[in-house]
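Worksheet: the structure to be examined is printed underneath.
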Amino acid sequence: MRQDHLVAAGQLSRADVERLLDRAAEFDAALDAGGDLPASYPEKLLALCFYEPSTRTKMSFEAAMKRLGGDVVDMGGVDASSVKKGESLADTVRVIEGYADGLVLRHPREGAAKMAAEFVDAPVINAGDGAGHHPSQTLLDLYTIRESAGLDDLTIGIVGDLKYGRTVHSLATALTEFDARMHFVSPESLRLPRSVRFDLHEAGAQVREHTELEEVLPELDVLYVTRIQRERFPDEDEYQKVAGEYRIDAETLDAARDDLTVMHPLPRVDEIAPEIDDTEHADYFEQAHNGVPVRMALLDLLFQNHE
Ligand code: NCD
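Here the sequence shown is numbered in this note's numbering, starting from 1 and rising by one per residue.
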């Protein structure tokens, strides 16, 4: 990765991903052992600019920065900030850059992080731009897959809201760098956007689309489940038509391999029955925990590149 911003998963080559995941494993091991970290940044401040709700992404960036010895400054909710007074994103990020050494931005508009990165010199991390991308989530997803099923010779099923799910767009893009067979399962109305399908095709990815999970479940190493993104639907009736379409419960998994890994970026609503949580299949809480070492590795890399 040449730039010191992370705005889309397409920026990451296979070598970039492998280097980052190896570095994350070093942070992970050091955190577990309570030993010395491979790097620390006691002088750095990270700005958290979240224009949309977040629990995991925001808190794990905060935890990562604090574990690195630094600290965060938080813009707070949109209602409490000058955004409410009509300030533009470009102005806000230019001001915030003066307070911090890097910016983490989540925004409802696609392309927001890319735009912000044009206005500021400090590293910008896209923590979700509308229905666009969420590349740091992808890094922790890849870390989790590497630990469970491995990234080589992978058969993955990605199910749910493929249209609005930004974690899906980033993950699918990143997987084109690996030897992965991708099965996309969704209702017709929530298929992958044409632009993402085009990019996958251009990259020569092995992709198939389905409406029924049963068609592919027995072959899968990993099942990546996503929430139907209710807040992005222009029409509540359209949401109601597809809500609850692919609920995974113990009975569903009867047809799966014993070593199937079930992932979910979380939050879940009712896509995965709680009875799955205590099974060997469930990896979603581990996946969320991986957010801290992976984001430590990402911050480490971006700060180094920026020097
Ligand atoms: C996701 C997001 O915000 O895109 N959550 C996350 O960052 N872990 C997925 C979602 O909201 O469904």
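Virtual Cβ for every residue (Gly too), placed ideally from N, Cα, C. In this text, all values refer to a predicted model and were calculated from it rather than measured experimentally.
Check: Could you tell me the distance, in whole angstroms, from the CA atom of Pro309 to the CA atom of Asp152?; Outcome: Past the boundaries of the shown model lies residue 309; the chain is included only from 1 to 307, so the question cannot be answered.
Check: In angstroms with no decimal places, state the Cα-to-Cα distance between Val93 and Pro265.; Outcome: 27 Å
Check: In terms of alpha-carbon separation, which member of Ala205, Tyr164, Ser189 lies closest to Arg181?; Outcome: Ala205
Check: Give me every residue whose Cβ sits closer than 7 Å to any heavy atom of the ligand NCD, in chain order.; Outcome: Ser54, Arg56, Thr57, Gly128, His134, Gln137, Gly165, Arg166, Thr167, Thr226, Arg227, Gln229, Pro265, Leu266, Pro267
Check: Of the choices Phe303, Val294, Asn305, Asp300, whose alpha-carbon is the least far from that of Ala29?; Outcome: Val294
Check: Taking 7 Å as the limit between beta carbons, can you name the residues of its chain near Gly165, skipping five residues before and five after?; Outcome: Thr226, Gln229
Check: Between Asp161 and Ser186, how many whole angstroms is the CB-CB distance? I'm expecting something under 8 Å.; Outcome: 7 Å
Check: I'd like to know if the segment 71–88 and the segment 120–135 are in contact, where contact means that at least 3 CB-CB pairs between them fall below 8 Å.; Outcome: no
Check: If we ignore side chains and look at the alpha-carbon of each, how far apart do Asp83 and Ala243 end up?; Outcome: Here the sequence assigns Val to residue 83, which means Asp is not the residue at that position. Approximately 32 Å, taken between the alpha carbons.
Check: Does Asn126 come out as helix, strand or coil in the three-state DSSP assignment?; Outcome: strand
Check: Give me, in chain order, the residues of the same chain whose beta-carbon lies closer than 7 Å to that of Ala203; leave out the 5 immediate sequence neighbours on both sides.; Outcome: Thr176
Check: List, from N- to C-terminal side, the beta strand (DSSP E) runs of 3 residues or more that fit wholly inside the segment 68–136.; Outcome: 71–74, 102–107, 124–129
Check: Tell me which residues share the same chain as Gly111 and place their Cβ nearer than 7 Å to its Cβ, disregarding the 5 neighbours each side in the sequence.; Outcome: Asp129, Gly132
Check: Does the beta-carbon distance from His306 to Asp4 come in below 7 Å?; Outcome: yes
Check: Please classify Arg14: is it buried, with 16 or more other beta-carbons within 10 angstroms of its beta-carbon, or exposed?; Outcome: exposed
Check: State yes or no: is the C-beta of Gly10 within less than 7 Å of the C-beta of Thr173?; Outcome: yes
Check: By Cβ distance, which residues of its chain are closer than 6 Å to His134, with the 5 residues on each side in sequence left out?; Outcome: Gly128, Arg166, Thr167, Ser170
Check: Could you name the residues of the same chain whose beta carbon sits closer than 8 Å to that of Arg247, not counting the 5 residues immediately before and after it, in chain order?; Outcome: Asp270, Glu271, Ile272, Ala273
Check: Rank Tyr99, Glu251, Gln240, Lys241 by C-alpha distance to the C-alpha of Leu213 and give the top, closest one.; Outcome: Glu251
Check: Rounded C-beta distance between Thr261 and Asp221? I'm assuming under 8 Å.; Outcome: 7 Å
Check: For Ala24 and Leu68, what's the separation of their Cα atoms in angstroms?; Outcome: 12 Å
Check: Can you check which of these residues, Glu219, Arg257, Gln304, Met296, is closest to Met59 by C-alpha distance?; Outcome: Met296
Check: Would Asp141 be called buried (16 or more neighbouring beta carbons within 10 Å of its own) or exposed?; Outcome: buried
Check: What separation, rounded to the nearest whole angstrom, lies between the Cα atoms of Val95 and Gly86?; Outcome: 15 Å
Check: Exposed or buried, Lys241, counting other C-beta atoms within 10 Å across all chains shown (16 or more means buried)?; Outcome: exposed
Check: Can you grab the Cα-Cα spacing for the pair Asp300 / Leu31, in whole Å?; Outcome: 15 Å
Check: When the Cα atoms are used, what is the spatial distance from Pro234 to Asp258?; Outcome: 39 Å
Check: With distances taken Cα to Cα, identify the nearest neighbour of Gly157 among Leu21, Asp199, Glu188, Glu219.; Outcome: Glu219
Check: If I measure Cβ to Cβ from Arg2 and keep anything under 6 Å in the same chain, skipping five residues before and after, which residues do I get?; Outcome: Here Arg2 scores only 48 on pLDDT, less than 50, and its place in the model is too uncertain to base an answer on.
Check: Could you pull the start and end residues of the beta strand (DSSP E) that Ala180 belongs to?; Outcome: 180–185
Check: Residue range of the alpha helix (DSSP H) that Gln304 falls in?; Outcome: 291–306
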